[in-house]
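Chemist:
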Amino acid sequence: MARCFDGNKLVIASHNKGKVREIGELLAPFGVETVSAGDLGLPEPIEDGLTFIANAEIKALAAAKAANLPALADDSGLEVDALDGDPGIYSARWAGPKKDFTVGMEKIHALIKDQDNMAANFTCALTLAWPDGHMESFEGKVFGTLTWPLRGDKGFGYDPMFIPNGHAVTFAEMEPADKHAMSHRADAFKQLIAACFGDNQ
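Numbered per the working numbering, the sequence shown finishes at 206, counting up by one with no gaps.
1) Please report the residue range of the beta strand (DSSP E) in which Thr107 lies.
2) Give every residue of the same chain whose Cβ lies closer than 6 Å to the Cβ of Gly54, excluding the five residues on either side of it in the sequence, and list them in chain order.
3) Counting only runs of 3+ residues fully inside the stretch 14-90, write out the beta strand (DSSP E) ranges in chain order.
4) Going by the beta-carbon positions, is the gap between Phe57 and Ala130 smaller than 7 Å?
5) Would you mind listing the alpha helix (DSSP H) stretches within the stretch 176-206 that are 4+ residues and don't spill past its ends, in chain order?
6) Sort Ala199, Thr107, Asp183, Ala134 by Cα distance to Asn73 and report the nearest one.
7) In this structure, does DSSP put Gly136 in helix, strand or coil?
8) Let me check understanding here. Comparing Cα to Cα, which of Phe143, Gly171, Asn170, Val108 lies closest to Leu77?
9) Kindly indicate which residue of Asn126, Asp105, Glu141, Pro34 has the alpha-carbon position closest to the one of Ala69.
10) Over the uninterrupted alpha helix (DSSP H) stretch that includes Ala97, give me the two end residues.
11) Is the beta carbon of Cys201 less than 7 Å from the beta carbon of Phe35?
12) Please say whether His189 and Lys146 have beta carbons closer to each other than 7 Å?
13) State the beta-bridge partners of Phe10 as determined by DSSP.
14) Skipping 5 residues on each side, what residues in its chain have a beta carbon closer than 6 Å to that of Lys184?
15) With distances taken from CA atoms, which of Leu45, Gly138, Thr39 is nearest Arg8?
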């Protein structure tokens with residue numbers, strides 16, 4: 006039985022403004038006040054886990070203990086079939102020190118442009134941690150294909166090169182509400198809500 010979240014304030018353990026905004030929008034219907042780790046001036050922990058869940062747990066636990074509040078962390082990335090799952094957990098690092106995801110997308114394109122297989126998926130791990138060290142973790146995925154040149158300016162990260170299966174537009178061309186309804190983050194979020202926010206709905 007998962008532990009239920011029964012507070013009204015939650016730290017989003019991220020310094021990525023796009024991620025903070027997206028998670029805040031997903032939490033809005035549950036009346037939860039959110040504050041980001043960046044706004045609190047919390048340091049970014051070293052993410053040395055070997056899986057998305059391991060890194061999400063590192064970030065969530067560090068923020069929960071530092072802020073003495075429950076914290077929600079996301080670790081997500083793009084896994085490209087032709088690259089044996091890379092960049093995966095290193096998706097942000099492929100964007101370089103300035104977190105310029107255009108750099109990361111250009112790197113991926115250069116590596117796969119002569120490949121026939123353009124299949125890829127986004128994976129998102131969400132961890133809700135409490136200051137006492139308890140954690141609940143969930144993982145979601147969305148599958149699709151990569152496209153070039155880049156399309157759209159509504160998303161963030163690798164969204165401009167990813168077309169989810171069954172659609173003709175990239176995540177960056179979709180309205181945010183449409184992306185929220187089907188993304189890897191939404192998949193993990195539905196699991197989190199069902200397990201930890203059941204009484205809040």
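No residue lacks a Cβ here, since even glycine has one placed at the ideal position from N, Cα and C.
These numbers come from a predicted model, not from an experiment.
Modeler: So, from the listed chains and residues:
1) Note, Thr107: premise wrong, no beta strand (DSSP E); alpha helix (DSSP H) at 106-117.
2) Asn60, Ile63
3) 14-17, 38-41, 76-85
4) yes
5) 181-185, 189-201
6) Ala134
7) What sits at residue 136 in the sequence shown is Pro, not Gly. Looking at Pro136 - three-state DSSP - the assignment turns out to be coil, as it is neither helix nor strand.
8) Phe143
9) Glu141
10) 96-99
11) no
12) yes
13) DSSP lists no partner for Phe10.
14) Phe176
15) Gly138
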